[in-house]
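Data first, discussion second: the structure below is written as structure tokens.
Numbering (the UniProt record's numbering), first residue to last: 1 to 160.
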């Protein structure tokens, strides 16, 4: 599926199907360090390449699980069509998240989005739920899987 826009009626027909696959992106040490600074999580497995190489089974640093999770926001934007008439998407939450494999520094990841459910509220807000997996290039296991709840907010500037 390509990005762009899609009607709610078209989206409803896609429930249960893959609706987007993001581009590969490299997880760099700079990204990991910036995330550590933003979250105040400076555990050595993330921020000290030499020590992580010596003391962990990973051969170096690994990304925070929440860093991989946070990249869903940009990956969904590049991979999944926007609902017609929506002005923005809002995180509504997660019903489950599982971190299944570490993302080593320098690894490439991408997200696969399956439309799990879509429901239009009387307010015009669409609840859009995805089953997501973040894949690691050349890995049998994904970095994470999640059931992600989002809201597509209507563009109120176009109403009469």
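The beta-carbon is built from N, C-alpha and C at its ideal position, and this holds for glycine as well.
### Query
With C-beta atoms as the reference, is residue 120 less than 8 Å away from residue 6?
In the chain shown, residue 120 corresponds to position 120, counting from 1. In the chain shown, residue 6 corresponds to position 6, counting from 1. Not a contact, by the Cβ cut-off of 8 Å.
### Message
Run through the DSSP bridge pairs and tell me what residue 147 is partnered with.
### Response
For the purposes of this step, residue 147 is identified with residue 147 of the chain shown, where counting begins at 1. According to DSSP, which records beta bridges pairwise, residue 147 is partnered with 96, 131.
### Query
Which stretch, first to last residue, makes up the beta strand (DSSP E) that contains residue 54?
Here residue 54 is taken as the residue at index 54 of the chain shown, counted from 1. Unbroken run through residue 54 is the alpha helix (DSSP H), 49-55; no beta strand (DSSP E).
### Query
Hey, out of 22, 57, 76, whose CA is closest to residue 137's CA?
Walking along the chain shown from the start, residue 137 turns up at place 137. Among 22, 57, 76, the Cα nearest to that of residue 137 belongs to 22.
### Query
In this structure, does DSSP put residue 65 in helix, strand or coil?
Along the chain shown, read from residue 1 onward, the residue named residue 65 stands at position 65. Three-state result, residue 65: helix.
### Task
Below 8 Å on the Cβ atoms is my guess for residue 32 versus residue 56; work out the distance and round it to an integer in Å.
By one-based count along the chain shown, residue 32 stands at place 32. By one-based count along the chain shown, residue 56 stands at place 56. Actually they are not in contact, since the Cβ atoms of residue 32 and residue 56 sit about 14 Å apart, beyond 8 Å.
### Message
If contacts are defined as beta-carbon pairs under 8 Å, then residue 151 and residue 77 qualify, I think. What distance do you get, rounded to the angstrom?
### Response
Working through the chain shown from its first residue, we reach residue 151 at position 151. Working through the chain shown from its first residue, we reach residue 77 at position 77. Contact flag wrong, Cβ pair sits at about 15 Å.
#### Entry: Cβ-based neighbour list, residue 145, same chain, cut-off 6 Å, excluding 5 preceding and 5 following
Taking the chain shown and counting its residues from 1, one reaches residue 145 at position 145. 98, 133.
#### Entry: Spatially closest choice to residue 52 from 104, 112, 114, by CA coordinates
Mapped onto the chain shown, residue 52 falls at position 52. Checked all of 104, 112, 114; the closest Cα to residue 52 is 104.
### Message
Less than 8 Å between the C-beta atoms of residue 35 and residue 64, yes or no?
### Response
Your numbering for residue 35 matches position 35 in the chain shown. Your numbering for residue 64 matches position 64 in the chain shown. Yes, they are a contact pair.
### Task
Within the same chain, show all residues whose beta-carbon is closer than 7 Å to that of residue 12, passing over the 5 residues directly before and after it, in chain order.
For this step, residue 12 is matched to residue 12 along the chain shown. Its chain contains 118 as the residues whose beta carbon lies nearer than 7 Å to that of residue 12, once the 5 sequence neighbours on both sides are disregarded; these appear in chain order.
### Query
Which partner residues of residue 86 appear in the DSSP bridge assignment?
Position 86 of the chain shown, counting from 1, holds the residue named residue 86. Per DSSP, 154.
### Message
For residue 165, tell me which candidate among 129, 153, 4 has the shortest Cα-Cα distance.
### Response
Nothing about residue 165 can be reported from this structure: the residues present for the chain run from 1 to 160 only.
### Query
Between 125, 107, 71, 48, which lies nearest to residue 86 when the distance is taken from Cα to Cα?
As a first step, residue 86 must be located in the chain shown, where it is residue number 86. Cα-wise, what sits closest to residue 86 is 125.
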